[in-house]
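**Q**
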Amino acid sequence: MSKITTELLLERAVPRSTRLRKIETLNLSKLQLKTGDLDPRLFSRLRHLQKLDLSDNLLDKFPNSLTLPDLRVLNCNNNKLEDVTALKQFPLLEELTYENNVYLTLNDDYKVMFLLQNLRLLNGKDITKLANHVRRVNSRKLTSKVTAHWEKFFRDQLPEKYTAEQVKSIKKKFLKSVQTNVVYGPSSLSEFTRWRVKMIAEEFLAYSLGLELNSDTEPEEKTDENEEESTESPREAAEDVAQVGDFSSYISNVTVTPSKRKRNHSKSSPGNKRSKSQASTEEEAEDVSAEPLHFLQCHSKGNSREDFKTQLWSCVFEPVLDSGARKDPIVSSSRTVATCGGESVCLIDCETGTVLKKYKVATEEFFSVAWTTLTMVISDSRKKAHNILAAAGRRGIVKLIHVAADFCYGEIKAHKKPIATVCFSPTQETHLFTASYDKRIALWDIGIPDCDYNFKASQLLVLETASIPLRIALVPTCPEQYLLAGCEDGCFAWNIKLDKGQKSRPFEAIFQFPDDESMTTSHRVDGLAFLNDDVVVSKSSKPGCIYLWSWSRSFDAKGKGCQRTMSAVILAELEWSTTDMSYLTLSTCPAKEYVFCGDEKGSVWMYNLSSYTTAWGSAKGKRSERRISPTQILKWPELRVNGEQPPEILVNNVVADPAFTYLVVLTSVNITAIWKKS
């Protein structure tokens, strides 16, 4: 039953009234109202309402048909509004306030200025002059750019006599292209610009080609770009953003020829017969089909389309808030992925290829990103789960970004040297590990920000390493007790249990691996991940080899003392590229029992290990006698930019979502490739 009744409206009228149609001022603040409580049928009887106070409620949007034809003043402070476009139903609105709605940004201010032609005061400020600029100058400039984009790239694509299907196709391409490529004004307004560009483009097509306008009033996905770090409020931060140009672009003129490829180290001869392993691998390859969806160039320095030098390093899929993300890996991720490289961090929708958000620090080079989910107090002691993104790199500083609010709310000066990688604890959501070139791995409690984004971070632990840590992984069966790290000079393990008194700790064990005829601890480990609760996958400086080994059988938890040497119990070796190129890291998809690793030629090596893991899990599981060949190799497709192929392509990282629907490939040439499993 709705909280709002006729009796309540009459009682809340100022002054009290006996008839709904006589009410001119209405105070509905502090009633815990939600959007569903605003009944259009009841509100339609408030024909003469001029002032409405809805502050301090729980509204996330406005219904589209409240029918308040005479409304002049509206107060929506302290709600949870996510969109303002429905306010256009109040054309006579003169004064509007919606402060302390954490999801609204500067882009929403500009939207209401455009939509509400009579608006004079916004959040207590006179916006008359700015609103006139938005409605006239901004619109004129964007209309000119949209028209020029059509004339240059699309006009000649339509034949003199065209079918409805051809028009529909070119409309779709034009709307996507124009929103990506037409830019104007500061980057902090990129979402507003895209919104207006789409509107102008649809009007242009309707006028030029006689197409119907899209009457959909639902809000678009936000594609904001926050350019500078800030410790101010979200609105103050948005107002101080520096002016830049286009922040994302598709690679144009792409010719894609996906194919499967098997490595063959020896030249074939007419008398050679395929081995059983080769034959089975080719048969398995037919079971895996992935096709390229998008090639994006969204981390360019200075937003230059000519930048093919920026290295992309890390990507991780955003967890789904309502899925019990820490329990079920299959449903613990959305199709949104965070990527980092150069001076920026991007959020990308893998299905559409849209860059949803972008955060940039001009003096930074980001190396690593990680997600966590915090339960934050919004206001009036109300709590809600929010995804927080941590990003770190060359400056040794961790940036904490509240993605839904488009706001970098703080930073942790974690190290004096670059941070190679970061990861959150799967059991303690505020615990963040940072691995640095200062040869230390630090554990931080990042705290939980309050409704004003005040937070307190504290260092809980420092792990001393013998060399630079490159990759870190928490042991799945005991993530609060042991951490594993691949370093420049070996693979190490630490006891990280916090009930131990020692805050600064040396490593507890170093693992040795086969090296020709002997065992060695001295080798660079630049790839490290767990395939399941016990099987570790690591890549070393030894060319052409990825090891799979057992954590439980390698690590002696009962032994005493620190800095012990332990032999890794090898379960199998994966056949990989013979390159001696370092820092081409690997990843795993535990739910599907896959391992992925890119190479120096732009290819992705995929290993389906589901037929091996059961045997490895037994106490008597023996090492596979032969190297395991890849199930499939995704070869880098033919890709031309302005008629030319990009330079040599290294795959620095490749990551699949938990359900293995999407595969995101990060390269050394500022190209993010997204593949989809079909």
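The UniProt record's numbering numbers the first residue of the sequence shown as 1 and each following residue consecutively.
Cβ coordinates follow ideal geometry from the N, Cα and C atoms, glycine included.
What whole-angstrom Cβ distance do Glu410 and Phe367 have, given they're in contact under 8 Å?
**A** The residue you call residue 410 lines up with position 410 of the sequence shown. The residue you call residue 367 lines up with position 367 of the sequence shown. The residue asked about is misnamed: residue 410 is Gly in this sequence, not Glu. Wrong, their Cβ atoms sit about 19 Å apart, outside the cutoff.
**Q** Around the C-beta of Asn101, are 16 or more other C-beta atoms found within 10 angstroms, so that it is buried, or is it exposed?
**A** Counting from one through the sequence shown, the residue named residue 101 turns up at place 101. Under this definition Asn101 is a buried residue.
**Q** Pick from Thr363, Val355, Val345: whose alpha carbon is nearest that of Ala370?
**A** Residue numbering aside, residue 370 sits at position 370 when the sequence shown is read from its first letter. Checking every option, the nearest Cα to that of Ala370 belongs to Val345.
**Q** Out of Val665, Gln645, Asp534, state which residue places its alpha-carbon closest to the alpha-carbon of Thr614.
**A** The residue labelled residue 614 in the question sits at position 614 within the sequence shown. When only C-alpha atoms are compared, the closest one is Asp534.
**Q** Could you round the C-beta distance between Asp70 and Gln89 to whole angstroms and report it? I think they count as a contact, below 8 Å.
**A** Residue 70 sits at position 70 when you count from the first residue of the sequence shown. Residue 89 sits at position 89 when you count from the first residue of the sequence shown. Asp70 to Gln89, Cβ: 12 Å. No contact.
**Q** Pick helix, strand or coil for His386, following the three-state DSSP scheme.
**A** On the sequence shown, position 386 is the one that residue 386 refers to. Note: His386 maps to strand in three-state DSSP.
**Q** For a minimum of 3 consecutive residues, which ranges assigned as the beta strand (DSSP E) are wholly contained in the region 382 to 445?
**A** Runs of the beta strand (DSSP E) inside the region 382 to 445: 383 to 393, 397 to 402, 407 to 413, 419 to 424, 431 to 436, 440 to 445.
**Q** Quick one: which unbroken alpha helix (DSSP H) runs of 4-plus residues sit fully inside the region 554 to 631? Chain order, please.
**A** Fully enclosed alpha helix (DSSP H) runs of 4 or longer: 613 to 617.
**Q** In the DSSP assignment, find the alpha helix (DSSP H) that holds Arg471 and state where it starts and stops.
**A** As a working note, residue 471 is residue 471 in the sequence shown. That residue, Arg471, is in no alpha helix (DSSP H); its beta strand (DSSP E) goes 469 to 474.
**Q** Three or more C-beta pairs closer than 8 Å, one from the region 414 to 421 and one from the region 346 to 353: is that the case here?
**A** Touching, no.
**Q** List the whole-angstrom C-beta distance separating Lys497 from Gln481, where the pair is believed to meet the contact cut-off of C-beta under 8 Å.
**A** As a working note, residue 497 is residue 497 in the sequence shown. As a working note, residue 481 is residue 481 in the sequence shown. Indeed they touch by this definition, with Cβ atoms about 5 Å apart.
**Q** Rounded to the nearest angstrom, what separates Ser522 and Asp489 at their Cα positions?
**A** For the purposes of this step, residue 522 is identified with residue 522 of the sequence shown, where counting begins at 1. For the purposes of this step, residue 489 is identified with residue 489 of the sequence shown, where counting begins at 1. Each residue's Cα considered, the two are about 5 Å apart.
**Q** If you follow the beta strand (DSSP E) that Gln512 is part of, which residue opens it and which one closes it?
**A** Along the sequence shown, read from residue 1 onward, the residue named residue 512 stands at position 512. Taken as a continuous stretch (DSSP letters only), the beta strand (DSSP E) holding Gln512 covers 509 to 515.
**Q** Which of the three DSSP states, helix, strand or coil, is assigned to Phe367?
**A** If you number the sequence shown from 1, residue 367 lands on position 367. Strand at Phe367.
**Q** On the criterion of 16 or more Cβ atoms from any shown chain inside 10 Å, does Lys500 qualify as buried, or is it exposed?
**A** Position 500 of the sequence shown, counted from the start, is the residue given in the question as residue 500. So Lys500 ends up on the exposed side.
**Q** Going by DSSP, what residues sit across from Lys676 in a beta bridge?
**A** Sequence index remark: in the sequence shown, residue 676 carries index 676 (1-based). Bridge partners of Lys676: Glu291, Tyr662.
**Q** State the Cα-Cα distance for the pair Gly393 and Ser190, rounded to the nearest angstrom.
**A** For the purposes of this step, residue 393 is identified with residue 393 of the sequence shown, where counting begins at 1. For the purposes of this step, residue 190 is identified with residue 190 of the sequence shown, where counting begins at 1. Gly393 and Ser190: Cα-Cα distance of roughly 25 Å.
**Q** Under three-state DSSP, which class holds Glu11?
**A** Counting from 1 along the sequence shown, the entry for residue 11 is found at position 11. Residue state, collapsed to three classes: helix.
**Q** With Arg21 and His48 assumed to form a contact (beta carbons below 8 Å), what rounded beta-carbon distance in angstroms separates them?
**A** Mapped onto the sequence shown, residue 21 falls at position 21. Mapped onto the sequence shown, residue 48 falls at position 48. The Cβ separation is near 6 Å, so the contact holds.
**Q** Return the residue from the list Lys111, Ser624, Glu648, Gln632 that minimises the CA-CA distance to Glu638.
**A** Your numbering for residue 638 matches position 638 in the sequence shown. Minimum Cα distance to Glu638 is reached at Glu648.
**Q** Hey, could you find the ends of the beta strand (DSSP E) Gln360 is sitting in?
**A** As a working mapping, residue 360 is identified with position 360 in the sequence shown. Checking the sequence, you will find Lys at residue 360 rather than Gln. It spans 354 to 360 - the beta strand (DSSP E) in which Lys360 sits, taken as one unbroken run.
**Q** In whole angstroms, what is the alpha-carbon distance linking Phe154 and Thr147?
**A** The count along the sequence shown starts at 1 and reaches residue 154 at position 154. The count along the sequence shown starts at 1 and reaches residue 147 at position 147. Straight-line Cα distance between these residues: approximately 10 Å.
**Q** Where does Thr667 sit, in a helix, a strand or coil, going by DSSP?
**A** As a first step, residue 667 must be located in the sequence shown, where it is residue number 667. Reduced to three states, the DSSP call for Thr667 is strand.
**Q** Measure the beta-carbon distance from Tyr359 to Cys408 and round it to whole angstroms, keeping in mind my assumption that it falls under 8 Å.
**A** Taking the first residue of the sequence shown as 1, we reach residue 359 at position 359. Taking the first residue of the sequence shown as 1, we reach residue 408 at position 408. So it is a contact: roughly 6 Å between Cβ atoms.
**Q** My understanding is that Asn57 touches Leu31, with C-beta atoms under 8 Å, so please give their C-beta distance in whole angstroms.
**A** Taking the first residue of the sequence shown as position 1, residue 57 is located at position 57. Taking the first residue of the sequence shown as position 1, residue 31 is located at position 31. 6 Å between Cβ atoms; contact.
**Q** According to DSSP, is Trp494 part of a helix, a strand, or is it coil?
**A** The count along the sequence shown starts at 1 and reaches residue 494 at position 494. Strand, per DSSP.
**Q** Cutting at 7 Å between CB atoms, please list the residues of its own chain near Ala473, excluding the five before and the five after it.
**A** Numbered from its first residue, the sequence shown carries residue 473 at position 473. So the list reads Leu484, Leu528, Ala529, Phe530, once near-sequence residues are dropped.
**Q** Would you call Gly598 buried or exposed, if buried means 16 or more other Cβ atoms sit within 10 Å of its Cβ?
**A** Mapped onto the sequence shown, residue 598 falls at position 598. By the neighbour-count rule (16 or more Cβ atoms within 10 Å), Gly598 is buried.
**Q** So Trp551 and Val536 are in contact, right, with Cβ under 8 Å, and what is the actual spacing, rounded?
**A** For the purposes of this step, residue 551 is identified with residue 551 of the sequence shown, where counting begins at 1. For the purposes of this step, residue 536 is identified with residue 536 of the sequence shown, where counting begins at 1. That belief holds up - the Cβ atoms of Trp551 and Val536 are roughly 5 Å apart, short of 8 Å.
**Q** Have a look at Ala659, Val654, Pro658 and flag the residue whose alpha-carbon is nearest the alpha-carbon of Thr667.
**A** Position 667 of the sequence shown holds residue 667. For the residues Ala659, Val654, Pro658, the minimum Cα distance to Thr667 belongs to Val654.
**Q** So what's Lys635 in DSSP terms, helix, strand or just coil?
**A** Reading the sequence shown from its first residue, position 635 is the one you call residue 635. Coil, per DSSP.
**Q** Here's the rule: buried if 16 or more other CB atoms are within 10 angstroms of the residue's CB, otherwise exposed. What is Asp406?
**A** Start at 1 with the first residue of the sequence shown, and residue 406 comes out as number 406. Flag for Asp406 reads buried.
**Q** Helix, strand or coil: which one does DSSP assign to Arg505?
**A** Mapped onto the sequence shown, residue 505 falls at position 505. Here Arg505 sits in strand by DSSP.
**Q** Using the DSSP secondary-structure output, state which residues sit across from Tyr482 in a beta bridge.
**A** Your numbering for residue 482 matches position 482 in the sequence shown. Asn495, per the DSSP bridge assignment.
**Q** Identify the continuous alpha helix (DSSP H) that holds Leu96 and give its terminal residues.
**A** Here residue 96 corresponds to residue number 96 of the sequence shown, with the count starting at 1. Taken as a continuous stretch (DSSP letters only), Leu96 belongs to no alpha helix (DSSP H), being part of the beta strand (DSSP E) at 95 to 97.
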